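Engineer:
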Ligand code: AKB
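Numbering (the numbering used here), first residue to last: 213 to 540.
1) For residue 224, write down the residues that DSSP places opposite it in a beta bridge.
2) Compute the minimum distance between the beta carbon of residue 501 and the heavy atoms of ligand 1, and state whether it is under 8 Å.
3) Using beta-carbon positions only, say whether residue 536 and residue 461 come within less than 9 Å of one another.
4) Measuring CB atoms only, is the region 363–382 touching the region 471–479, in the sense that at least three cross pairs come out at less than 8 Å?
5) Can you tell me whether DSSP reads residue 255 as helix, strand or coil?
6) Our contact map puts residue 227 next to residue 266 with C-beta atoms below 8 Å; I'd like the distance itself, whole angstroms only.
7) Looking at the structure shown, is residue 330 part of a helix, part of a strand, or coil, going by DSSP?
8) Whole-angstrom Cβ separation of residue 486 and residue 422, contact assumed at under 8 Å?
9) Can you find a heavy atom of ligand 1 that lies under 8 Å from the Cβ of residue 405?
10) Is it the case that the region 446–454 contacts the region 400–410, given that we only count it when at least three CB pairs across the two stretches are under 8 Å?
11) Which residue or residues does DSSP assign as beta-bridge partners of residue 386?
12) Alpha carbon to alpha carbon, what distance is there between residue 240 and residue 246?
13) Rounding to the nearest angstrom, what Cα-Cα distance links residue 340 and residue 373 in this structure?
14) Heavy atom of ligand 1 less than 8 Å from the Cβ of residue 301, yes or no?
15) Contact check, residue 336 vs residue 296 under 8 Å by CB: the rounded distance?
16) DSSP three-state call for residue 319: helix, strand or coil?
17) Are there any heavy atoms of ligand 1 lying less than 8 Å away from the beta-carbon of residue 392, as far as the coordinates show?
18) Does the beta-carbon of residue 243 have 16 or more other beta-carbons within 10 angstroms, so that it is buried, or is it exposed?
19) Put residue 463 into one of helix, strand or coil per three-state DSSP.
20) Alpha carbon to alpha carbon, how far is residue 410 from residue 522? Give it in angstroms, no decimals.
21) Could you tell me which uninterrupted alpha helix (DSSP H) segments, each at least 4 residues in length, are contained entirely in the region 347–414, listed from first to last along the chain?
22) What are the residues that DSSP puts in a beta bridge with residue 230?
23) Looking at residue 233 and residue 257, is the spacing between their C-beta atoms short of 9 Å?
24) CA-CA distance, residue 418 and residue 255?
25) Might you give, ordered along the chain, the residues of its own chain that have their beta carbon closer than 7 Å to the beta carbon of residue 364, omitting 5 neighbours on each side?
Given below as structure tokens:
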């Protein structure tokens, strides 16, 4: 998928991915294994994922908040980099606010401390557009602006960003982060997010020819195809430290669309596809988020460029889901 320039030093990285069986973790781990070698990327999750994925390289069962077990794995494999992908997303977090806070914050603090103690050299931690709230500008939301999130997920992400910046400023920890928009993929489905509709809609279009959407037809949100998200993540981790001027988290963008617009794009391929709207509690979350993100800082600092727009992503999604169904 990617063709990054890999420097000799990077070839020596040994990577631990926490939350490797999740939506982004799965594809990130696969790509890291292609780049760094299968035995140099240790996948871990709180439970086992599919066999094919687990057998493709080292796998460890790990709770992302369990410092001692994580340290044991770091020492066992001589880990140099940790990608902390375990998190509870916005919609589930609203149902379990305390648990969301514990998972999202404690896991980050464990890894930042391990980096401060020099057990690892580099950390990746994902933030989200959920750091923004109703008082942030909705269109062309800048890198730095008012951030008053209304969800516990957003509160954990904005706090986490400041912890990352603090550990970098105070202890020199090399921690890097991106504010992901909604990520759209076909290999592993997301779970518990507000932007999940934009994945489900493709599966339902193929399986049933209809979809009931939990957001209103005109709810515009920033989104990105998985290939671009994985590319951005690895690119950020590979770039020289002096190019990184943001140690909270970088705005990252590719496209923005509404449920109506994605429906129209799917209908170009499946003309009989229909959608109905039954907004639920996730509407309020979506209404508090930006519509279009300004990611110029990422583009200037480390040359970020997205590849996929709504039309090209839709073609890929439908093609890959259809092929996947044929194999089942
Ligand atoms: C969610 O919907 O919770 C996530 C996100 C935007 O961070 N996909």
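All C-beta atoms in this analysis are idealised placements derived from N, C-alpha and C, irrespective of residue type, glycine included. Computed from a predicted structure; not experimentally measured.
Structural biologist: This is what the structure gives:
1) Bridge pairing for residue 224: absent [DSSP].
2) Relative to ligand 1, residue 501 has its C-beta within less than 8 Å of a heavy atom.
3) Contact: no.
4) The region 363–382 makes no contact with the region 471–479, as fewer than three CB pairs between them are under 8 Å.
5) Of the three classes helix, strand and coil, the one that applies to residue 255 here is strand, per DSSP.
6) Between residue 266 and residue 227 the Cβ distance is about 16 Å, and since that is not below 8 Å, they are no contact.
7) Looking at residue 330 - three-state DSSP - the assignment turns out to be coil, as it is neither helix nor strand.
8) Contact holds; Cβ gap of about 5 Å.
9) Yes; taking the cut-off as 8 Å, the Cβ of residue 405 has a heavy atom of ligand 1 nearer than that.
10) The region 400–410 vs the region 446–454: no contact.
11) According to DSSP, which records beta bridges pairwise, residue 386 is partnered with 334.
12) Their backbone Cα atoms lie some 10 Å apart in a straight line.
13) Rounded to the nearest angstrom, the two C-alpha atoms are 10 Å apart.
14) For residue 301, the CB falls within less than 8 Å of some heavy atom of ligand 1.
15) Contact between residue 336 and residue 296 holds, with the beta-carbon distance rounding to 7 Å and staying under 8 Å.
16) DSSP, read as helix, strand or coil, puts residue 319 in helix.
17) Checking the Cβ of residue 392 against ligand 1 gives yes.
18) The residue in question, residue 243, is buried, as its Cβ has 16 or more Cβ neighbours within 10 Å.
19) In this structure, residue 463 counts as strand in the three-state DSSP scheme.
20) Their backbone Cα atoms lie some 11 Å apart in a straight line.
21) Taking only runs of at least 4 residues, the alpha helix (DSSP H) segments lying wholly in the region 347–414 are 364–383.
22) DSSP lists 256, 296 as the bridge partner or partners of residue 230.
23) A contact, by the Cβ cut-off of 9 Å.
24) Between residue 418 and residue 255, the C-alpha separation is close to 31 Å.
25) The residues are 305, 306, 309, 312, 313.
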